[in-house]
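The structure under discussion appears below in the form of structure tokens.
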Amino acid sequence: MPLTLSNTRQADVLAAKLAERATQALIDEARLSPKPGLVDSRGSGAHQDLNLALMERSAHSLTATFYALAQHCWLRPVDIALRQEVGRLGRLGERQMMTATGGVNTHRGAIWAMGLLVSAVAMQPALSQAADIAQCAAELARLPDAFSPITFSKGSHAVQRYRVPGAKEEAQRGFPHIIERGLPELRASRQRGASENQAQLNALLAVMTTLTDTCVLSRGGMSALLAMQQGADAVLQAGGVQTSAGQYQLYQLEQRMLADNASPGGAADLLAATLFLDGVTRANS
């Protein structure tokens with residue numbers, strides 16, 4: 001579609017809304033408490049270099065990146081040129097984030113997941129189902145980006161060492177831990193009468209039950225990952241965090257994760273993306 005003054009304004013309005021919603025989802029995830037091993041409103045969890053104020057500053061630093069992604073992707077078809085532009089903007093956003101945080105990696109994984117989903121909504125604004133948006137994002141994620149540098153990360157090292165899927169594969173598969181785990185649990189918990197805080201915690205735990213979280217693997221190895229998955233499942237099997245039995249299991253899970261010095265950062269990134277998709281699709285429904 002050729003750009004006119006009218007649809008340029010539409011793109012600007014949508015980009016601003018998506019950027020605000022994505023930023024708020026990151027902030028909501030960071031503030032959510034009590035999260036096992038993660039930064040929340042109580043403290044820094046298993047981290048020494050992170051705190052809530054830093055996480056919020058990082059989230060705000062990414063607003064411009066999400067806005068640029070939405071603007072560039074508005075009504076664009078999936079192709080390699082767009083994939084390369086999305087990659088370029090994402091890497092620029094990562095540099096801006098690192099400047100804002102003094103070199104601390106706060107949201108690198110979230111830039112990937114959230115950036116793809118923001119791009120997908122802008123590409124096809126008429127999509128009203130979360131699964132359809134996720135599949136559009138997956139089409140983009142599966143395309144090559146010739147300009148992406150080959151760099152070392154703890155996540156990529158864990159993927160290679162343990163031969164498990166990571167953030168890249170999660171996106172290319174259409175974010176199954178959002179569509180099949182996090183989002184259904186979030187909405188089912190609300191229907192069962194859980195508070196919004198409790199529903200979001202249950203959604204996080206649902207993701208943790210099966211995710212091969214490379215943040216946990218890199219910090220605690222396979223034993224920590226299995227403990228995370230089993231502990232999260234125990235909370236949900238006990239009725240979720242809205243029950244006394246579930247709260248006890250959550251406490252047990254947190255103690256184990258702190259003992260393992262493990263933090264489920266991958267699950268946290270997917271929870272933020274879950275909250276984003278939930279907000280976008282509820283607004284369209």
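In UniProt numbering, the protein residues as written are 1 to 285. By construction, the Cβ of each residue, glycine as well, lies at the ideal position given by its N, Cα and C atoms.
DSSP beta-bridge partners of residue i
i	result
G43	D40
Simplified DSSP state of residue i, which is helix, strand or coil
i	result
N51	coil
K35	coil
S148	coil
D12	helix
G266	helix
P2	With a pLDDT of only 43 at P2, under 50, the local geometry of the prediction cannot be trusted, and the value read off the model is given with reservation. In this structure, P2 counts as coil in the three-state DSSP scheme.
N261	coil
V164	coil
G109	helix
Q242	coil
S285	With a pLDDT of 49 at S285, under the threshold of 50, the modelled position of this residue cannot be trusted; read the value that follows with caution. Coil, per DSSP.
Q135	helix
T274	helix
L127	coil
V104	coil
CB of residue i within 7 Å of CB of residue j, strictly
i	j	result
Q84	D132	no
A113	D269	yes
E29	L205	no
residue 321	A188	This structure does not reach residue 321, given that the chain is present from 1 up to 285, and the question cannot be answered.
C73	S148	no
S223	A46	no
L82	A68	no
Q191	A138	no
G166	T210	no
L62	G93	yes
L52	V39	yes
Status (buried if at least 16 other CB within 10 Å, exposed otherwise) for residue i
i	result
T274	buried
S195	exposed
A126	exposed
L3	Reliability fails at L3, whose pLDDT of 46 lies under 50, so the model's placement of it is uncertain and no value is given.
F276	buried
T99	exposed
T106	buried
Q230	exposed
P36	buried
N202	buried
Q237	exposed
T65	buried
R9	exposed
M1	With a pLDDT of 44 at M1, under the threshold of 50, the predicted position of this residue should be treated as unreliable, though the coordinate-derived value follows. Its Cβ having fewer than 16 others within 10 Å, M1 is exposed.
residue 312	The shown model of the chain, from 1 to 285, leaves out residue 312, and the question about it has no answer.
E20	exposed
A245	exposed
S128	exposed
A259	exposed
I178	buried
V280	buried
A122	buried
D278	buried
L5	Confidence is the limiting factor: at L5 the pLDDT is only 48, short of 50, which leaves the residue's position unreliable, though a coordinate-based value still follows. The residue is exposed, with fewer than 16 neighbouring Cβ atoms inside 10 Å.
Residue i Cβ short of 6 Å to the ligand NAD heavy atom set
i	result
I27	What this structure holds is no ligand at all, so the ligand NAD is not there to describe.
In chain order, which alpha helix (DSSP H) runs of at least 4 residues are fully inside the segment 60 to 90?
-> 63 to 73
Within the segment 184 to 245, ranges of the alpha helix (DSSP H) (whole runs, at least 4 residues) | 196 to 208, 214 to 237
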